[in-house]
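Structure, as structure tokens:
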Amino acid sequence: MSELFSRFEAMEGRARLIAGGAALAVVVLVLMLGRMATSPQMALLYSGLEPSVAAEVLTQLEADQIAHDVRGSSIYVEESARDPLRLRLAGQGLPASGGAGYELLDSLSGFGTTSQMFDAAYRRAQEGEIARTIAAAPAIRSARVHLSRTEESPFRRDQQATASVTVTMANGRLSSERARALRYLVASAVPDLQPDSVSIIDAQAGLIIGDESDDPAQNAGDRAAQMRANILRLLEARVGVGRAFVEVNVDTTLDTETVTERVIDPDSRVAISTDVEEDLEEATGSGASAVTVASNLPDGDAANGGSSTSRELTRTRERVNYEVSEILRERISSPGRVSRLSVAVLVDGITTEGADGPQWAARPQAEIDAMAELVRATVGFDVARGDVLTIESMQFPDRAEAGSIAYAPSLIGGQIPISLLIQLGILSAVVLLLGLFVLRPILTARQQPTMLDTAIELPSPESGPKITPELLLLDNMPTEAEVEVSETPLTKFRGTVDGRKPEAVDLLRSWINADLEEGAST
Numbered sequence: 001m002s003e004l005f006s007r008f009e010a011m012e013g014r015a016r017l018i019a020g021g022a023a024l025a026v027v028v029l030v031l032m033l034g035r036m037a038t039s040p041q042m043a044l045l046y047s048g049l050e051p052s053v054a055a056e057v058l059t060q061l062e063a064d065q066i067a068h069d070v071r072g073s074s075i076y077v078e079e080s081a082r083d084p085l086r087l088r089l090a091g092q093g094l095p096a097s098g099g100a101g102y103e104l105l106d107s108l109s110g111f112g113t114t115s116q117m118f119d120a121a122y123r124r125a126q127e128g129e130i131a132r133t134i135a136a137a138p139a140i141r142s143a144r145v146h147l148s149r150t151e152e153s154p155f156r157r158d159q160q161a162t163a164s165v166t167v168t169m170a171n172g173r174l175s176s177e178r179a180r181a182l183r184y185l186v187a188s189a190v191p192d193l194q195p196d197s198v199s200i201i202d203a204q205a206g207l208i209i210g211d212e213s214d215d216p217a218q219n220a221g222d223r224a225a226q227m228r229a230n231i232l233r234l235l236e237a238r239v240g241v242g243r244a245f246v247e248v249n250v251d252t253t254l255d256t257e258t259v260t261e262r263v264i265d266p267d268s269r270v271a272i273s274t275d276v277e278e279d280l281e282e283a284t285g286s287g288a289s290a291v292t293v294a295s296n297l298p299d300g301d302a303a304n305g306g307s308s309t310s311r312e313l314t315r316t317r318e319r320v321n322y323e324v325s326e327i328l329r330e331r332i333s334s335p336g337r338v339s340r341l342s343v344a345v346l347v348d349g350i351t352t353e354g355a356d357g358p359q360w361a362a363r364p365q366a367e368i369d370a371m372a373e374l375v376r377a378t379v380g381f382d383v384a385r386g387d388v389l390t391i392e393s394m395q396f397p398d399r400a401e402a403g404s405i406a407y408a409p410s411l412i413g414g415q416i417p418i419s420l421l422i423q424l425g426i427l428s429a430v431v432l433l434l435g436l437f438v439l440r441p442i443l444t445a446r447q448q449p450t451m452l453d454t455a456i457e458l459p460s461p462e463s464g465p466k467i468t469p470e471l472l473l474l475d476n477m478p479t480e481a482e483v484e485v486s487e488t489p490l491t492k493f494r495g496t497v498d499g500r501k502p503e504a505v506d507l508l509r510s511w512i513n514a515d516l517e518e519g520a521s522t
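Each residue of the sequence shown is one higher than the one before, starting from 1 at the first, in the numbering used here.
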């Protein structure tokens, strides 16, 4: 250390400034490296919260005296305390999702609250509670619900309520099945609200379900995805996970078709009505008798008064109405009807251990046929519709076994992020460059000899020792390895004297003798 200070004192002013600045930079970089290595690693706690909800979370963190960092709309805490902190905040109801709920009604007082104010607060409370229920799903990050109801009036007949739901997914897009579930959830929670009056909107994908959201192409894609999942689950039970690939294409009709069919069978008659008419007619009459002798006698035929007649007539008439057999059919085909299915299945073969290593072989045709029957039964295969099914057994490339990723242990605990490793590498490279190209040249540079103000009087050649050829030989000079490159003049002189002690003694003796002779002469 003393030698280092002596070298520093022997430097010029400019060299001292450069060396001091470089040393200071190295110290600062080393301190920064140490701080970065020992500082706690921050991890994301919450992101994308509403300002009011984020303020509640920050207030709770400050009350618990937990170190945190706010970066834009994100809140960061120490990585080791992130997961327990999330559980603790969730137990306290933070962050509150979906806005305020029925607690809005607690702030209403009986005095000064009009019916319009209560209706508005109750509607907001309903929206908040429904949004909380929707946001509780793991795949949904946030949700907003808007309810619209017309004011009750005796002069309005149409008082249909409507609702709209906007969801933000954590990953991917909202599926049609979940959208329909949300539609019925909202319709069941609001009185007089029909499911058809609820619109479901994905913040990234747009309208999922609405009045005009029955997209045949989208429905076909969802149907194909469901069929693909069913087939893949069925095949992987036999061939193993990751050893089968399935693609399903569903062709649907995009037009609406109405077919009316009327079938008449002329060979069959059906009695549809029978009319029976029956008439009964009766007639009775009397006539004068002929004049005879007896009619002139007092007790004769004069008392008969004539003869009587009667007539009865019965008439029956039956009419039967017949019609031929007729069948009337009407079929309405809406858009989205499946017109054709195409299924392609690729399965891996069978690998067995052989003398030369693993041997691959295609699956037997009987097994392929059995798989084809299972796939046909799964998708509802229809030959008359023109459905196509293709199953092939081919060799798959070798892939790594699925499992957990092993991480190398860290010196400071946990996993070191790549960004921190990059920063440490850059700072280490800067320190190394400063040490090699700044400090090392300054410390190892040869010290230039300084010029003395007064000349040193050297003894004359006659008074000194005689120079012999042996003194001029370079072999007697000290080598470069024996003399340190960055030696001071005093150190170099000492080294020279130690290496040539006889010559140094003769030189000093000549100097002393010269001084004595000069003193004697005076």
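Note that beta-carbon positions come from the ideal geometry of N, C-alpha and C, so glycine has one too.
Taking C-beta to C-beta, are residue i and residue j nearer than 7 Å?
{"i": "ARG543", "j": "ALA125", "result": "Past the boundaries of the shown model lies residue 543; the chain is included only from 1 to 522, so the question cannot be answered."}
{"i": "LEU94", "j": "GLN65", "result": "no"}
{"i": "ILE264", "j": "GLU326", "result": "yes"}
{"i": "LEU193", "j": "ALA220", "result": "no"}
{"i": "GLY391", "j": "GLU323", "result": "First, the amino acid is wrong: residue 391 is Ile here, not Gly. Against a cut-off of 7 Å, the Cβ pair of GLU323 and ILE391 comes out as no contact."}
{"i": "ARG26", "j": "LEU421", "result": "Reading the sequence as shown, one finds Val at residue 26 and not Arg. No, Cβ-Cβ distance for VAL26 and LEU421 is not below 7 Å."}
{"i": "ARG315", "j": "ASP275", "result": "no"}
{"i": "GLU127", "j": "LEU147", "result": "yes"}
{"i": "ILE200", "j": "ALA179", "result": "yes"}
{"i": "ARG82", "j": "LEU45", "result": "yes"}
{"i": "LEU436", "j": "LEU29", "result": "no"}
{"i": "LEU254", "j": "PRO138", "result": "no"}
{"i": "THR166", "j": "ARG141", "result": "no"}
{"i": "VAL338", "j": "THR252", "result": "yes"}
{"i": "LEU234", "j": "LEU374", "result": "yes"}
{"i": "LEU104", "j": "ALA121", "result": "yes"}
{"i": "TYR76", "j": "MET42", "result": "yes"}
{"i": "ALA355", "j": "SER393", "result": "no"}
{"i": "ALA237", "j": "VAL198", "result": "no"}
Using a Cβ-Cβ cutoff of less than 7 Å, which residues in the same chain neighbour residue i once the five nearest sequence positions on both sides are dropped?
{"i": "GLU277", "result": "ARG317"}
{"i": "SER213", "result": "The predicted position of SER213 is uncertain, since its pLDDT is 49 and thus under 50; a value taken from the coordinates is nonetheless stated next. Cβ neighbours of SER213 beyond the five flanking positions: LEU207."}
{"i": "ASN249", "result": "ALA224 and SER342"}
{"i": "ILE467", "result": "Because ILE467 sits at a pLDDT of 49, beneath the cut-off of 50, its placement in the model cannot be relied upon, and the following sentence gives the value as read from the coordinates. Hits under 7 Å: none found."}
{"i": "TYR184", "result": "PRO195"}
{"i": "VAL239", "result": "VAL347 and ASP348"}
{"i": "PRO502", "result": "none"}
{"i": "ALA372", "result": "LEU389 and ILE391"}
So what does residue i bridge to, in DSSP terms?
{"i": "TRP360", "result": "THR351"}
{"i": "ARG317", "result": "GLU277"}
{"i": "ALA163", "result": "LEU147 and VAL198"}
{"i": "TYR46", "result": "ILE75"}
{"i": "VAL375", "result": "In the DSSP output, where bridge partners are listed per residue, VAL375 has none listed."}
{"i": "LEU328", "result": "ARG262"}
{"i": "MET169", "result": "ILE140"}
{"i": "GLU392", "result": "LEU346"}
{"i": "ARG269", "result": "VAL324"}
{"i": "VAL338", "result": "THR252"}
{"i": "SER333", "result": "GLU257"}
{"i": "VAL70", "result": "ILE75"}
Ignore the nearest five residues each way along the sequence and tell me which others in residue i's own chain have a CB closer than 6 Å to its CB.
{"i": "ARG262", "result": "LEU328"}
{"i": "THR351", "result": "PRO358 and TRP360"}
{"i": "VAL259", "result": "ARG331"}
{"i": "PRO40", "result": "GLU78"}
{"i": "ALA303", "result": "Model confidence at ALA303 stands at a pLDDT of 49, short of 50, so the residue's coordinates are unreliable; what they give is reported in the following sentence. Closer than 6 Å at Cβ, skipping near neighbours: no residue."}
{"i": "GLU517", "result": "none"}
{"i": "ARG311", "result": "ALA283"}
{"i": "MET227", "result": "VAL248 and VAL379"}
Within its chain, find whatever has a CB closer than 8 Å to the CB of residue i; leave out the 5 residues flanking it on each side and keep chain order.
{"i": "ARG86", "result": "LEU45"}
{"i": "GLN204", "result": "THR168, MET169 and ARG173"}
For chain B, find out if any of its Cβ atoms is closer than 7 Å to the Cβ of residue i; answer yes or no.
{"i": "ALA179", "result": "Given the protein chain composition of this structure (a single chain), no chain B is represented."}
The stretch 370 to 380 touching the stretch 322 to 336, judged by at least three CB pairs closer than 8 Å: no
Cβ pair count under 8 Å reaching 3, the stretch 109 to 123 against the stretch 70 to 86: no
Runs of alpha helix (DSSP H) wholly within the stretch 191 to 262 (minimum 4 residues, chain order): 216 to 239
Given 8 Å, three or more beta-carbon pairs between the stretch 238 to 255 and the stretch 186 to 202: no
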